[in-house]
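Please read the structure below before turning to the comments.
Residue numbers (the numbering used here): 207 to 335.
This is the structure:
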């Protein structure tokens with residue numbers, strides 16, 4: 207019998223992509239979604255990212271395998287770098303949904319979410335970072 211805990215995952219999409227890219231790996235997003243369900247009883251997975259129209263096919267695929275995508279318009283800097291920082295959106299979603307999940311899994315590789323992690327931990331809502 208499957209243990210359903212109703213945990214949610216909140217993914218910093220750009221941070222995850224860059225970490226995987228820097229390691230020279232490729233992530234199978236479909237299998238990763240299944241892994242989150244089976245290992246951590248994650249029922250809902252939010253992925254936060256900047257929106258690039260040329261990535262629409264990827265977005266369609268991610269949605270088809272169970273990710274809930276939350277976009278932020280990207281900003282192009284003067285030097286040509288693309289910025290689509292969604293940190294505030296991730297924090298807001300995690301707090302807005304607080305009563306809808308048992309525990310939160312925060313998937314990121316930086317310290318930008320320290321306050322969120324601390325708050326979730328104090329409320330007994332943190333599963334893993």
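Yeah, the Cβ is synthetic: ideal placement off N, Cα and C, and Gly gets one too.
Please determine, among the options, the residue with the shortest C-alpha to C-alpha distance to residue i.
i, options, result
"residue 312", "266, 254 and 278", "254"
"residue 297", "325, 211 and 265", "325"
"residue 281", "322, 330 and 292", "292"
"residue 219", "271, 278, 306 and 330", "278"
"residue 308", "299, 316, 317 and 331", "331"
"residue 211", "335, 299 and 244", "244"
"residue 382", "316, 302 and 256", "Only positions 207 to 335 of the chain appear in the structure, and residue 382 is not among them; the question remains open."
Going by the beta-carbon positions, is the gap between residue i and residue j smaller than 8 Å?
i, j, result
"residue 276", "residue 295", "yes"
"residue 246", "residue 333", "yes"
"residue 216", "residue 273", "no"
"residue 221", "residue 314", "yes"
"residue 235", "residue 268", "yes"
"residue 328", "residue 300", "no"
For the alpha helix (DSSP H) containing residue i, list its first residue and its last residue.
i, result
"residue 267", "262-270"
"residue 219", "219-228"
"residue 240", "235-246"
"residue 304", "That residue, residue 304, is in no alpha helix (DSSP H); it is neither H nor E in DSSP."
Going by DSSP, what residues sit across from residue i in a beta bridge?
i, result
"residue 310", "214 and 332"
"residue 252", "216 and 274"
Which stretch, first to last residue, makes up the beta strand (DSSP E) that contains residue i?
i, result
"residue 275", "273-279"
**OP:** Could you tell me whether the stretch 279-286 touches the stretch 235-242, using the rule of 3 or more Cβ pairs below 8 Å?
**Re:** Fewer than three beta-carbon pairs drawn from the stretch 279-286 and the stretch 235-242 are found closer than 8 Å, and the two stretches are therefore not classed as touching.
Original post:
Would you call the stretch 221-229 and the stretch 259-277 touching, i.e. three or more CB-CB distances under 8 Å?
Top reply: The stretch 221-229 is not in contact with the stretch 259-277.
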